[in-house]
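Chemist: Numbering (the UniProt record's numbering), first residue to last: 1 to 1118. Just so you know, even glycine gets a beta-carbon here, dropped at the ideal spot from N, CA and C.
(1) With DSSP collapsed to three states, give me the class of residue 1103.
(2) Measure the Cβ-Cβ separation of residue 1097 and residue 1036 and say whether it is below 8 Å.
(3) Which runs of the beta strand (DSSP E) at least 3 residues long sit entirely within the region 928-987? Give them in chain order.
(4) Go to residue 1080, then tell me how far its beta strand (DSSP E) extends in each direction, as first and last residue.
(5) Once DSSP output is grouped into helix, strand and coil, what is the label at residue 1047?
(6) When you compare only the Cα positions, how much space is there between residue 447 and residue 209?
(7) Could you tell me which of 1022, 980 and 975 sits nearest to residue 1000, measuring between CA atoms?
(8) In this structure, what does DSSP give as the bridge partners for residue 116?
(9) For the structure I just gave you, are there three or more beta carbon pairs, one from the region 268-281 and one from the region 602-610, closer than 8 Å?
(10) Measuring alpha carbon to alpha carbon, tell me which of 889, 940, 890 and 352 ends up nearest residue 907.
(11) DSSP puts residue 259 in a beta bridge; with which residues?
(12) For residue 390, name the three-state secondary structure that DSSP assigns.
(13) Does DSSP classify residue 231 as helix, strand or coil?
(14) How would you write the range of the beta strand (DSSP E) that residue 1029 sits in, first residue to last?
(15) So residue 139 packs on residue 117, CB below 8 Å; how close in whole Å?
(16) Quick one, which of 630, 1074 and 281 has its alpha-carbon nearest residue 295's?
(17) What residue from 1078, 1062, 1027 and 190 has the CA that sits closest to residue 1050's CA?
(18) So, with DSSP's three-state summary, where would you put residue 903?
(19) Should residue 683 and residue 300 be called a contact, given that it needs their Cβ atoms to be closer than 8 Å?
(20) I need the DSSP call for residue 841, collapsed to helix, strand or coil.
(21) Have a look at residue 1111 and residue 995 and give me their C-alpha separation to the nearest angstrom.
(22) At which residues does the alpha helix (DSSP H) containing residue 268 begin and terminate?
(23) Could you tell me the alpha carbon to alpha carbon distance between residue 946 and residue 214, rounded to whole angstroms?
(24) When DSSP labels each residue in this structure, what does residue 97 get in the three-state scheme?
(25) Report, in whole angstroms, the separation of the C-beta atoms of residue 289 and residue 614, which I expect to be a contact under 8 Å.
(26) Give the single residue among 287, 418 and 230 whose Cα lies nearest to the Cα of residue 432.
(27) Would residue 1055 and residue 1091 be called neighbours here (beta carbons separated by less than 8 Å)?
(28) Under 7 Å Cβ to Cβ from residue 964, same chain only, skipping five residues before and after it: list those, please.
(29) Does DSSP put residue 68 in a helix, in a strand, or in coil?
(30) Can you look up residue 1111 in the DSSP assignment and give me helix, strand or coil?
(31) Thinking residue 959 and residue 942 are a contact (beta carbons under 8 Å), I'd like their distance in whole angstroms, please.
(32) If we call anything under 8 Å between Cβ atoms a contact, is residue 129 one with residue 98?
(33) Does the pairing of the region 320-327 with the region 650-665 give three or more beta-carbon distances under 8 Å?
(34) Which residues in the same chain have their Cβ closer than 7 Å to the Cβ of residue 1047, if we skip the five residues on either side of it in sequence?
(35) Can you name, in chain order, every residue of its own chain whose Cβ lies under 8 Å from the Cβ of residue 411, other than the five neighbours on each side?
(36) Please classify residue 996: does DSSP put it in a helix, a strand, or coil?
See below:
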């Protein structure tokens, strides 16, 4: 080799780069060229052999190092270096590899930005999707941002696909009318200019979020709460988008705002119940109106239908009667004409046909047992058909397997809830949006499915704090549908990516700016200047960030260009995700407590007022519509009933006229004709039984022919005198041997019924003579007056006497005997003589012991019932007073909620100085208390009762006279401040009004004129401050004059009435107010059993006048 000269010797050899001995370091076999340890004493190279203590102070042998490297490289390359050719190959390979590192790929939706030494050089022609090349590093580098991807930022809330957290500091905002609203919204954006996006702003998402929050607050500050909650949501989103886009254009952020969705717009949580109650009230209004309309639509058509049915039925009834009468009359006339031609033969024929129909009314079915059908079964044909079916099934199965294999590889189905993309090696070939069967290339194309149903998307929350520490909070969720699967696949690819897009934007600069202003500035026209200040601060921060990254940024300018939605490319318009947001729902809204409690109270009161108004309107419309429907339905039915009755009467009158004209031709023949029809209808049937005496009028023609007919056809030479026939029957009857009345077995039961009837007579007589006895025994009779009981007793006694008479008559009638019917008579010539009637049936008489036992048992039972009734009626009356109720508990439970406590407060002047007050003045002044106060507050208590669910309360005038404040306390301790509607000192009555939040239980006025002395009454009130006290007593006097005024006509009662009962109601046992407790006779201050009440007849008129006019307007005479 050219570099190899000399042997390993003692350490070194010559070469082209100089020679010299290698010293002691060479040894036998020196070390490697890069300091490998040799076999001698401290090998050479970079080891201690050249510079170490063993080799002397000489530099390393570079020639030997290079030589050894060349040898190693020559051994690695095939065929050696061959001079400069091998080195050229190495350089070429390295160059190719370096140049190949400049290739980069731009995926769909991305743009390639090339930086040459940090400078953007391809501003005019950004690299599109595909394979591109740039000068390798370190000259140029490439960045590929995705400019088609739709990104999203949540403001007012934070969350992902599984959980969201509300951020009150971002969502609670103040509206233009000083109300508080909670808003959550999302901002959807994309990169419009890759270079500006990468280099003009450092934190684009934070910038977008702060700008969006600022824009939203600016728009909400100019909008009232009601439009923001209802129909102005789209306008708010559009205006916010415009302001936000202008801010980002000023930043030259390279961002295009595609959509702002108001996910949640609602009032704060503290008042949301009141707002929802308004919505419920609106729904109640609509519900009541719809229910009333439904009731009207149901009742009136039903009434009309019933009216038509009644009229149609009446017309049908009339026509039926007329047609039947015409047919029956014509039939009678036709038969009568035939009868006139030969009365004897016609009568005889009709008679025989009637008897034949009665006795022969039986259906008969004759069937020959030997007849029948023999089925034919073609077994050979059936067997051959089965073989053919098996072959066809086998061939069909093979074909199904083949078709299934082909379908498995070449066919695919799209469900109704799906849509699909057909991809060929990753490239989109076609879109399948219609459900059904489709074809693809097997093993070449694959299918990606997307759901076409409405899907959900849950974003996150946002907050802002002003200088007065006012805050707002909002939360939302979104409903969307995939409308463009291609766009969806290119931008987000799947639902998970759609739900988790963007991180929140830091809003430091916006919060610092808003922290310097007050609420008045935010809600005024200064908001525009405030937003401009925020824009400058944020833009300054962006410039600072860009300068730190080495990118020069121009001074802030305002762009006059606004891209409209129609001017953007299709890929940049709304719905860039390939989805359509179909619904945005409000989740929750809160307001910070330190600034909004008073606002909440006002908002809540306004909503309660609106809700009450809507519900009242709903009740009004419901009552009006249903009452009108009931009235109209009643009128329709009444008119239809009138017309139907007229039609029925016309039909019956016409029927009667037709029949009278026909039957009046021959009354005797009509009697015979109709009797034959009656026999046919009444006796037809094999189980018929007649329980009629033989001489009954019903058998006048059935037993024998009429006398006239019999005389006409009788031939003295051929016929003997006919004998009367016995009645026809299908069973056995009584025989002549049963004479002597009812049997002994029937008499005990008759005796028992007779005894019961006698008991009824005795009890009725006692009830009529002693009406107090049953009232003492039976509680249910305690409310009946004695006169009523006497009437009931007389009626009972009369019914008992009638029952005894009826039983005795039936007992006598039981002795009647029925004769067995003989053979049917055959009138006319040629009939055979009848057999003589059978003799009487002999019945064996019962034994004497049996008769005696039956009679004694019946009479003993009757005597026992008589003694029991006498003992009951003779029992002494109970000690309880007549008509007294056992308990007032149920009545008290019903009435207590209608009675209220009246509490009044009054500031009164001190009276004249007491005799010893001057002596203590120095004591008060020395202790620093000064003189006693000239005024003091006095409290008083009384009672009242509610007369209207809307809050009208009745009490005494002296209870609330000269009071500064009046409070009404309900039974459940709910307290309302009352307004005095009017007072009447002459009757000592007053009317108050409270404003309840719910409908109050109320009382009804009774009739005090019908009250009698001795009637039970209840007094309910607040004696001595003990609210809810109930006392009972009676009315001890009426029309009592106690010199209390010009209208003294009081009811006096012994029910316990004390101080504090004034203004309370006096109830009768029906729960009606018959008086207003006003005064007591009490020398000691407590009840001594004498109280006085204003009668309801007087109080009701006074209260009605106070309610209408605020005063009592009495008439004048003269």
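Modeler: With the given structure in hand:
(1) For this step, residue 1103 is matched to residue 1103 along the chain shown. The answer is helix: DSSP assigns residue 1103 an H, G or I state.
(2) The residue labelled residue 1097 in the question sits at position 1097 within the chain shown. The residue labelled residue 1036 in the question sits at position 1036 within the chain shown. Taking the C-beta atoms as reference points, residue 1036 is found no nearer than 8 Å to residue 1097.
(3) Runs found: 935-948, 952-956, 965-969, 975-977 and 979-984.
(4) By 1-based counting over the chain shown, the position of residue 1080 is 1080. From DSSP, the beta strand (DSSP E) with residue 1080 extends over 1073-1080.
(5) Here residue 1047 corresponds to residue number 1047 of the chain shown, with the count starting at 1. Here residue 1047 sits in coil by DSSP.
(6) Here residue 447 refers to the residue found at position 447 when the chain shown is read from its first residue. Here residue 209 refers to the residue found at position 209 when the chain shown is read from its first residue. Taking the straight line joining both Cα atoms gives about 38 Å.
(7) As a working mapping, residue 1000 is identified with position 1000 in the chain shown. Answer by Cα proximity: 975.
(8) Taking the chain shown and counting its residues from 1, one reaches residue 116 at position 116. 119 and 140.
(9) With the cut-off at 8 Å, the region 268-281 and the region 602-610 touch.
(10) Counting from one through the chain shown, the residue named residue 907 turns up at place 907. Residue 907 has its Cα closest to that of 940, out of 889, 940, 890 and 352.
(11) Here the question's residue 259 lines up with position 259 in the chain shown. Answer by DSSP bridge pairing, in chain order: 188.
(12) Position 390 of the chain shown holds residue 390. Three-state result, residue 390: helix.
(13) Position 231 of the chain shown, counted from the first residue, corresponds to residue 231. Reduced to three states, the DSSP call for residue 231 is coil.
(14) Position 1029 of the chain shown, counted from the start, is the residue given in the question as residue 1029. Residues 1029-1040.
(15) Counting from 1 along the chain shown, the entry for residue 139 is found at position 139. Counting from 1 along the chain shown, the entry for residue 117 is found at position 117. Confirmed, Cβ separation roughly 7 Å.
(16) Position 295 of the chain shown, counting from 1, holds the residue named residue 295. Here the closest residue by C-alpha is 630.
(17) Taking the chain shown and counting its residues from 1, one reaches residue 1050 at position 1050. The option with the nearest alpha carbon to residue 1050 is 1078.
(18) As a working mapping, residue 903 is identified with position 903 in the chain shown. Residue 903: strand per DSSP, three-state reduction.
(19) Reading the chain shown from its first residue, position 683 is the one you call residue 683. Reading the chain shown from its first residue, position 300 is the one you call residue 300. No, the pair does not count as a contact, with Cβ atoms beyond the cut-off.
(20) For this step, residue 841 is matched to residue 841 along the chain shown. Reliability of the predicted coordinates at residue 841 is poor, the pLDDT of 43 falling under 50, and no value is obtained from them.
(21) If you number the chain shown from 1, residue 1111 lands on position 1111. If you number the chain shown from 1, residue 995 lands on position 995. Those two C-alpha atoms are separated by around 21 Å.
(22) For the purposes of this step, residue 268 is taken as the residue at position 268 of the chain shown. Neither: residue 268 is in no alpha helix (DSSP H) and is coded neither H nor E.
(23) Position 946 of the chain shown, counting from 1, holds the residue named residue 946. Position 214 of the chain shown, counting from 1, holds the residue named residue 214. Cα-Cα distance, rounded: 55 Å.
(24) Working through the chain shown from its first residue, we reach residue 97 at position 97. It is helical.
(25) Taking the first residue of the chain shown as 1, we reach residue 289 at position 289. Taking the first residue of the chain shown as 1, we reach residue 614 at position 614. Not a contact, Cβ separation roughly 11 Å.
(26) Taking the first residue of the chain shown as 1, we reach residue 432 at position 432. Closest option to residue 432, Cα to Cα, is 418.
(27) Taking the chain shown and counting its residues from 1, one reaches residue 1055 at position 1055. Taking the chain shown and counting its residues from 1, one reaches residue 1091 at position 1091. Residue 1055 is a Cβ neighbour of residue 1091, given a cutoff of 8 Å.
(28) By one-based count along the chain shown, residue 964 stands at place 964. Cβ neighbours of residue 964 beyond the five flanking positions: 905, 906 and 907.
(29) Within the chain shown, numbered from 1, the residue matching residue 68 stands at position 68. Here residue 68 sits in helix by DSSP.
(30) Reading the chain shown from its first residue, position 1111 is the one you call residue 1111. Coil at residue 1111, not helix or strand.
(31) For the purposes of this step, residue 959 is identified with residue 959 of the chain shown, where counting begins at 1. For the purposes of this step, residue 942 is identified with residue 942 of the chain shown, where counting begins at 1. Contact flag correct, Cβ pair sits at about 3 Å.
(32) By 1-based counting over the chain shown, the position of residue 129 is 129. By 1-based counting over the chain shown, the position of residue 98 is 98. It is not a contact, given that the beta carbons lie outside the stated cut-off.
(33) yes
(34) What you label residue 1047 is simply residue 1047 of the chain shown in a count that begins at 1. Within the same chain, residue 1047 has close Cβ partners 986, 987 and 1098.
(35) Taking the first residue of the chain shown as 1, we reach residue 411 at position 411. Excluding positions up to five away in sequence, the list reads 437, 438, 439 and 440.
(36) As a first step, residue 996 must be located in the chain shown, where it is residue number 996. Coil, per DSSP.
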